[in-house]
Amino acid sequence: MAGTAAAAGSALDELRGQIRGEVFSVGDPGYGEACQIWNGMIERRPELVVRCTGAADVMAAVNFAREAGMPVSVRSGGHNVAGTALCDGGVVVDLTRMRNVFVDPERRTVRAGGGARLGDVDHETQAFALAAPFGVVSKTGIAGLTLNGGMGFLTRNYGLSCDNLVGADVVTADGRMLRADLERNPDLLWALRGGGGSFGVATSLEYRLHDVGPIIFMAITFYPFEAGIEGLQAWRETMRDAPDELMSVALYWNAPPEEPFPPEWQGKPVFILAGAWSGPLDEAEEAVRPLRELTQPVADLSGPMPYVIAQSLFVSDVDAAVAELCEGGAAGRLSPLSSVNVWALGGALRNEPEGGSAFAQREAPFLFGLEANWEEADGDADNLAWARDLFAEVKSHSLGGTYLNFPGLAEEGEELLRASYGANYDRLKELKARYDPENVFRSSFSIPVG
Numbered sequence: 502m503a504g505t506a507a508a509a510g511s512a513l514d515e516l517r518g519q520i521r522g523e524v525f526s527v528g529d530p531g532y533g534e535a536c537q538i539w540n541g542m543i544e545r546r547p548e549l550v551v552r553c554t555g556a557a558d559v560m561a562a563v564n565f566a567r568e569a570g571m572p573v574s575v576r577s578g579g580h581n582v583a584g585t586a587l588c589d590g591g592v593v594v595d596l597t598r599m600r601n602v603f604v605d606p607e608r609r610t611v612r613a614g615g616g617a618r619l620g621d622v623d624h625e626t627q628a629f630a631l632a633a634p635f636g637v638v639s640k641t642g643i644a645g646l647t648l649n650g651g652m653g654f655l656t657r658n659y660g661l662s663c664d665n666l667v668g669a670d671v672v673t674a675d676g677r678m679l680r681a682d683l684e685r686n687p688d689l690l691w692a693l694r695g696g697g698g699s700f701g702v703a704t705s706l707e708y709r710l711h712d713v714g715p716i717i718f719m720a721i722t723f724y725p726f727e728a729g730i731e732g733l734q735a736w737r738e739t740m741r742d743a744p745d746e747l748m749s750v751a752l753y754w755n756a757p758p759e760e761p762f763p764p765e766w767q768g769k770p771v772f773i774l775a776g777a778w779s780g781p782l783d784e785a786e787e788a789v790r791p792l793r794e795l796t797q798p799v800a801d802l803s804g805p806m807p808y809v810i811a812q813s814l815f816v817s818d819v820d821a822a823v824a825e826l827c828e829g830g831a832a833g834r835l836s837p838l839s840s841v842n843v844w845a846l847g848g849a850l851r852n853e854p855e856g857g858s859a860f861a862q863r864e865a866p867f868l869f870g871l872e873a874n875w876e877e878a879d880g881d882a883d884n885l886a887w888a889r890d891l892f893a894e895v896k897s898h899s900l901g902g903t904y905l906n907f908p909g910l911a912e913e914g915e916e917l918l919r920a921s922y923g924a925n926y927d928r929l930k931e932l933k934a935r936y937d938p939e940n941v942f943r944s945s946f947s948i949p950v951g
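For the sequence shown, this note's numbering gives the first residue as 502, with consecutive numbering after it.
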């Protein structure tokens, strides 16, 4: 035992000597902070957190973990609610210092480090009135978002984040750096396009860019809560025929307790229709008009704004039954921070050739999501029960798959993966066996070895 411990200590000392970044082990100053992620419920204790400054650090960390028989998790933004950035008893490869962004306006591409956030990339690309289709929370990491799909305000017009991924540099389980693009390791690129983080560490990612901004039109209209049932169905009809340049989400939330909201509505539950128009600005007012004229609004914050500021279950339809479930579930929220939302899909999301990427859920017209957010230390059980109950009720109206950037706590395991990846699941397992036969990269919903 003493000899084993000494060997482990020697290997750790060697790792510390190889790393230009930082290495945190249990008990080190800064270890607790290094394990903090967006979901405060997640309490996992990795053996090491390796905060990398470049690909060489990543390769050293992966080699150390593999030789020590430890699992590896990867932290980009740390924003996934299931806490996949952390692993018990393993090594966290922390990319948060790898946030460089390089724009090539002539080729209309952007290359960014694996730790870059959406806001980092948008800031650089918008200098050229260009954008990659990302999500809607600027602090989200681009890598995790992309590897599980990547939906946002440009999805109907330009597709998912993963559809616009043209290449990536990946450190695989054997410690090698591979380039994945259409010419080199195209099967790995296919897996990275929506197949999750089971195949390696994406140290940099390259995306196709599109003409967007720097000003777009955002519709953000707040209605009385009780307008939601009829409002959801009217919105459904609007979005069925809407041009691809219009992306929209309907949600139940609480009005902010501040102006410009009338005092009687501040902090109260409301029904919100939000939309982003990424087409010509002179067509925006007419395109978003149905979102703004549902009934007399509580407040309307719509208008042109810089794109950098603007910045689940797949359900078969938003019929009366689903609309009632959404309103009923929203009425039962235990925290004003929680929300119920429905995203309109279609458009470019359906244009990707079948089998062109690992992302499988392309035909669903809508995506149902709920967010259970709370600040009370003793609120876990009740808020989780609300979310689970509502999810179970809506599930009977779903097409069976889950958007893996909204996975809940990923408690369903392989059942969740098989339903979400559909016909692509078996191929993903084969690629897992090829690129990570020892299952070094594993989390609560990683692809198992085939």
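Glycine included, every Cβ here is placed at the ideal spot set by N, Cα and C.
Shown here, N658 sits in a helix according to DSSP, grouped into three states.
Inside the stretch 571-632, DSSP marks whole beta strand (DSSP E) runs of 3 or more residues at positions 573-576, 592-595, 602-605, 610-614, from first to last along the chain. Q862 counts as buried, since at least 16 other C-beta atoms from the protein chains shown sit within 10 angstroms of its C-beta. Just so you know, the alpha carbons of P634 and P715 end up roughly 14 angstroms apart.
At the C-beta level, A556 and V672 come within 8 angstroms of one another. DSSP places V563 in the helix class (H, G or I) of the three-state scheme. As for any alpha helix (DSSP H) of minimum length 4 sitting wholly inside the stretch 718-773, the runs are 729-741, ordered along the chain. Taking N852 as reference, the option from R793, N658, W844, A751 with the minimal CA-CA separation is N658. Around D801, the same chain offers I721, T722, F723, R793 as residues with beta carbons nearer than 8 angstroms, after the five sequence neighbours per side are excluded. Residue pairing by DSSP places E523 opposite R552 in a beta bridge.
Counting every other CB atom within 10 Å of its CB across the protein chains shown gives K930 a total of 16 or more, marking it as buried.
With contacts defined by Cβ atoms closer than 8 angstroms, V638 and L619 form a contacting pair. Judged by their CB atoms, G590 and M571 are nearer to each other than the 8 angstroms cut-off. Per the coordinates, the alpha-carbon of F946 lies some 30 angstroms from the alpha-carbon of A632. Beta-bridge annotation (DSSP): M806 is paired with I717. Judged by DSSP in its simplified three-state form, L666 adopts strand. DSSP, read as helix, strand or coil, puts N842 in strand. Cβ neighbours of R609 within its own chain (closer than 7 angstroms, five residues either side excluded): L631, R709, L710. Contact between K933 and S705 fails: their C-beta atoms lie close to 22 angstroms from each other, not under 8 angstroms. Segment contact: the stretch 753-770 against the stretch 691-698, fewer than three CB-CB distances shorter than 8 angstroms; contact not assigned. With contacts defined as CB atoms closer than 8 angstroms, T554 and M599 qualify as a contacting pair. The C-alpha of D558 is placed about 5 angstroms away from the C-alpha of I520. Distance between F942 and R546, taken at the CA atoms: about 16 angstroms. Shown here for A735: same chain residues with a beta carbon closer than 7 angstroms to its own, the five before and five after excluded, namely L795 in chain order.
Of all C-beta pairs linking the stretch 842-849 to the stretch 742-750, three or more are shorter than 8 angstroms, placing the two stretches in contact. Around the beta carbon of F603, fewer than 16 other beta carbons sit within 10 angstroms, so the residue counts as exposed. Contact check for G697 against L646 fails: the beta carbons are separated by 8 angstroms or more. Between the C-alpha atoms of D595 and E916 there is a straight-line separation of about 29 angstroms. Membership of L693 in the alpha helix (DSSP H) is indicated by the continuous run 687-693.
Secondary structure of T673 (DSSP, three-state): coil. Counting only the Cα atoms, A788 lies some 11 angstroms from D742. In the three-state DSSP reduction, E707 falls in the strand class (E or B). In the structure shown, A775 adopts extended strand secondary structure according to DSSP, grouped into three states. C-alpha of Y936 to C-alpha of A785: approximately 46 angstroms in a straight line. C-alpha of M740 to C-alpha of G857: approximately 26 angstroms in a straight line. For D682, the secondary structure class from DSSP, reduced to helix, strand or coil, is coil.
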